[in-house]
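Undergrad: I'd like to ask some things about the structure below.
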Amino acid sequence: MTARVPSVSKFMTLERHILDGGRLHPHATGQFSGLLHDLALAAKLVWREVTKAGLVNILGTTDRMNISGDVVKKLDEFADQTIFRMMDHGGHLCVMASEENEDLLHIPEDYPHGKYVLLYDPLDGSGNIDANVTIGSIFSIYQRASVSGKGTMEDVLQPGIRQAGAGYVLFGSSMMFVYSTGHGVHGFTLDPSVGEFLLSHENIRIPKRGRIYSVNEGNSGRWSPAVQRYMQHLKEEDPADGRPYSQRYIGSLVADVHRTLLYGGIYCYPGDTKNPDGKLRLVYECNPLAYLVEQAGGAASDGRVRILEKTPLTLHEHTPIFIGSAEDVERAVKFLR
Ligand code: AFP
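Here it is in structure tokens:
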């Protein structure tokens with residue numbers, strides 16, 4: 000008889016992980032777990048279309064511009080509508096808002112309303128779709144601030160520190176679901192042969208300091224002298240201090256932040272003379288990613304204020320951001336002050 004070899008790795012599916020997380024809260028109603036489960040399913044539906052992007056005539060642009068002035072790709076619309084349609088009837092949510100839509104997305108009257116709020120960027124980095132570069136979806140979850148009924152602006156305009164959970168889905172060489180509900184950051188990779196997300200990156204910790212900086216250098220002429228001095232500092236030769244840093248910039252925030260989370264370093268989108276608040280959206284992009292990076296031991300600041308402490312005044316407002324390894328962000332903030 001052959002002896003059974005004890006397994007060295009455990010199979011943990013996303014579903015089991017979500018259920019185990021729910022058990023940490025004895026009074027949980029299951030709404031939160033249900034919500035995460037539905038999000039994972041929505042992500043798989045979007046992935047199915049993303050993988051067909053080069054095959055069918057789904058690329059090209061629509062005639063519309065989104066609220067931020069970007070041309071909307073058809074795949075953006077598909078992702079936007081798929082996430083909404085997957086999430087509107089589960090009874091977990093009282094309201095949603097998406098980067099692709101100017102106003103709140105209300106739950107249809109005849110569906111039950113729950114106690115959570117979902118904010119999402121359906122397809123971040125969509126300018127990269129035609130080049131087959133990694134893109135992704137970002138999501139942020141809050142408990143409602145209003146008491147009952149239809150969700151309101153008060154529910155969606157909460158500071159990021161109040162997030163109950165956040166995450167992103169990466170559509171890259173493999174598909175990943177990375178999330179946190181306040182107990183560390185965990186990454187799951189889709190095994191397409193069984194259609195399950197399997198735990199591949201347990202309790203991700205961002206290095207305290209890295210050697211990579213990520214920024215669109217094309218904007219450097221418009222940066223403030225303080226930002227220019229900081230970037231110059233990163234490029235100076237000082238081996239004892241681990242400089243110069245290497246530069247990496249994908250132009251897909253979700254992919255740039257994922258690399259930063261794993262390898263350390265800093266991602267920056269500063270304000271400049273053309274866009275004083277930078278390009279990235281506080282509610283849909285910066286808050287969820289700041290929550291994840293902080294959960295992994297890193298930091299995120301707008302140069303003066305911690306991102307998670309900013310109270311959004313409008314749904315689509317922008318913020319400068321410096322996000323990544325704690326020591327790198329601390330140093331950036333020193334330069335900016
Ligand atoms: P798209 O979703 O329109 O491609 O925008 C991507 C994005 O919001 C973010 O994912 C990138 O990091 C950033 O814009 C890139 O901006 P620049 O082209 O100005 O560097």
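In numbering that gives the first Met the number 0, the protein residues as written are 0 to 336. We treat Cβ as the ideally placed atom computed from N, Cα and C, and that holds for glycine.
Under three-state DSSP, which class holds F10?
TA: The count along the sequence shown starts at 1 and reaches residue 10 at position 11. It is coil, neither helix nor strand.
Undergrad: For the structure I just gave you, are there three or more beta carbon pairs, one from the region 126-140 and one from the region 319-328, closer than 8 Å?
TA: The region 126-140 is not in contact with the region 319-328.
Undergrad: Taking 6 Å as the limit between beta carbons, can you name the residues of its chain near P206, skipping five residues before and five after?
TA: Position 207 of the sequence shown, counting from 1, holds the residue named residue 206. Within the same chain, P206 has close Cβ partners G263, S324.
Undergrad: In the DSSP assignment, what are the bridge partners of Y167?
TA: On the sequence shown, residue 167 is found 168 positions in, with the first residue counted as 1. The partner list for Y167 (beta bridge, DSSP) reads I137, V177.
Undergrad: The beta strand (DSSP E) with I265 in it runs from where to where?
TA: Within the sequence shown, numbered from 1, the residue matching residue 265 stands at position 266. Per DSSP, I265 belongs to the beta strand (DSSP E) from 265-268.
Undergrad: What I want to know is whether the C-beta of N286 ends up closer than 7 Å to one or more non-hydrogen atoms of ligand 1.
TA: As a position in the sequence shown, residue 286 is number 287, starting the count at 1. N286 Cβ: outside cutoff for every heavy atom of ligand 1.
Undergrad: Let's see if you can read the secondary structure: which residues bound the beta strand (DSSP E) around D123?
TA: Taking the sequence shown and counting its residues from 1, one reaches residue 123 at position 124. From DSSP, the beta strand (DSSP E) with D123 extends over 115-123.
Undergrad: Under 8 Å between C-beta atoms, does D19 make it to chain B?
TA: Protein chain content of the structure displayed is limited to a single chain, and chain B is not contained in it.
Undergrad: Helix, strand or coil: which one does DSSP assign to V94?
TA: Numbered from 1 along the sequence shown, position 95 holds the residue referred to as residue 94. Of the three classes helix, strand and coil, the one that applies to V94 here is strand, per DSSP.
Undergrad: Taking all protein chains shown into account, decide if T310 is buried (16 or more other Cβ within 10 angstroms of its Cβ) or exposed.
TA: Within the sequence shown, the letter at position 311 stands for residue 310. Classification of T310: exposed, given that the 10 Å Cβ count is below 16.
Undergrad: Cβ of H189 within 8 Å of Cβ of Y115?
TA: Residue mapping note: residue 189 aligns to position 190 of the sequence shown, counting from 1. Residue mapping note: residue 115 aligns to position 116 of the sequence shown, counting from 1. Looking at the sequence provided, one finds Leu at residue 189 rather than His. No, Cβ-Cβ distance for L189 and Y115 is not below 8 Å.
Undergrad: Measure the Cβ-Cβ separation of A298 and F176 and say whether it is below 8 Å.
TA: Position 299 of the sequence shown holds residue 298. Position 177 of the sequence shown holds residue 176. Taking 8 Å as the Cβ cut-off, A298 and F176 do not qualify as a contacting pair.
Undergrad: Does the distance between the C-beta of L335 and the nearest non-hydrogen atom of ligand 1 fall short of 7 Å?
TA: The sequence position of residue 335 within the sequence shown is 336, counting from 1. The answer is no for L335.
Undergrad: Counting only runs that start and end within the region 196-223, where is the beta strand (DSSP E) found for 3 or more residues in a row?
TA: Counting whole runs of 3 or more residues, the region 196-223 contains the beta strand (DSSP E) stretches 211-213.
Undergrad: Taking D79 and P121 to be in contact with their CB atoms under 8 Å, please state how far apart those CB atoms are, rounded to whole angstroms.
TA: As a first step, residue 79 is located in the sequence shown; it is residue number 80 there, counting from the start. As a first step, residue 121 is located in the sequence shown; it is residue number 122 there, counting from the start. That belief holds up - the Cβ atoms of D79 and P121 are roughly 4 Å apart, short of 8 Å.
Undergrad: Measuring CA to CA, which of V282, E216, R228, R143 is closest to Y248?
TA: Taking the sequence shown and counting its residues from 1, one reaches residue 248 at position 249. For the residues V282, E216, R228, R143, the minimum Cα distance to Y248 belongs to E216.
Undergrad: So, with DSSP's three-state summary, where would you put T188?
TA: For the purposes of this step, residue 188 is taken as the residue at position 189 of the sequence shown. Note: T188 maps to strand in three-state DSSP.
Undergrad: Answer yes if the region 257-272 comes into contact with the region 146-156, meaning at least three C-beta pairs across the two stretches below 8 Å, and no otherwise.
TA: Short answer: they don't touch.
Undergrad: How is I57 classed by DSSP in three states: helix, strand or coil?
TA: Position 58 of the sequence shown, counting from 1, holds the residue named residue 57. Confidence is the limiting factor: at I57 the pLDDT is only 47, short of 50, which leaves the residue's position unreliable and the question unanswerable from this model.
Undergrad: Please return the same chain residues whose Cβ sits closer than 8 Å to the Cβ of I57, not counting the five positions on each side in sequence.
TA: Here residue 57 is taken as the residue at index 58 of the sequence shown, counted from 1. Note that I57 scores 47 on pLDDT, short of 50, meaning its location in the model is unreliable; the coordinates nonetheless yield the value given after this. Taken in chain order, the residues that qualify are E48, K51, K73, L74, F77.
Undergrad: Can you give me the start and stop residues for the alpha helix (DSSP H) that I82 sits inside?
TA: For the purposes of this step, residue 82 is taken as the residue at position 83 of the sequence shown. Element bounds for I82: 73-86.
Undergrad: Between G270 and ligand 1, is the CB less than 7 Å from at least one heavy atom?
TA: For the purposes of this step, residue 270 is taken as residue 271 along the sequence shown, with counting starting at 1. For ligand 1, not one heavy atom lies less than 7 Å from the Cβ of G270.
Undergrad: When burial is assigned at 16 or more other CB atoms within 10 Å of the CB, is T28 buried or exposed?
TA: Within the sequence shown, the letter at position 29 stands for residue 28. T28 should be labelled exposed.
Undergrad: How many angstroms separate the CA atom of K278 from the CA atom of S192?
TA: Within the sequence shown, residue 278 is the residue found at index 279, counting from 1. Within the sequence shown, residue 192 is the residue found at index 193, counting from 1. Cα to Cα, K278 sits roughly 38 Å from S192.
Undergrad: Identify which residue in E99, I106, E101, N100 has its Cα closest to the Cα of M85.
TA: Position 86 of the sequence shown, counting from 1, holds the residue named residue 85. Closest option to M85, Cα to Cα, is I106.
Undergrad: V253: which of L169, G150, G302 sits nearest, CA to CA?
TA: Numbered from its first residue, the sequence shown carries residue 253 at position 254. The residue with the shortest Cα to Cα distance from V253 is L169.
Undergrad: Taking 8 Å as the threshold (C-beta atoms), are T180 and A163 in contact?
TA: For this step, residue 163 is matched to residue 164 along the sequence shown. For this step, residue 180 is matched to residue 181 along the sequence shown. Result yes, Cβ atoms of A163 and T180 sit closer than 8 Å.
Undergrad: Could you tell me which of D37, L117, C285 sits nearest to Y266, measuring between CA atoms?
TA: On the sequence shown, residue 266 is found 267 positions in, with the first residue counted as 1. Of D37, L117, C285, the residue nearest in Cα terms is C285.
Undergrad: What number of angstroms, rounded off, separates the C-alpha of Q294 from the C-alpha of Y178?
TA: In the sequence shown, residue 294 corresponds to position 295, counting from 1. In the sequence shown, residue 178 corresponds to position 179, counting from 1. About 10 Å.
Undergrad: Determine the contact status of I203 and G220, defining contact as a CB-CB distance below 8 Å.
TA: Counted from its first residue, the sequence shown places residue 203 at position 204. Counted from its first residue, the sequence shown places residue 220 at position 221. No, they are not a contact pair.
Undergrad: Looking at ligand 1, does it come within less than 7 Å of D339, judged from the CB to the closest heavy atom?
TA: Past the edges of the chain, shown from 0 to 336, lies residue 339, and the structure says nothing about it.
Undergrad: For K73, verify whether its CB is less than 7 Å away from any heavy atom of ligand 1.
TA: Locating residue 73 in the sequence shown gives position 74, counting from the first residue. Incorrect: K73 has no Cβ contact closer than 7 Å to ligand 1.
Undergrad: I need the boundaries of the beta strand (DSSP E) containing A298, first residue and last residue.
TA: Taking the sequence shown and counting its residues from 1, one reaches residue 298 at position 299. Per DSSP, A298 belongs to the beta strand (DSSP E) from 298-300.
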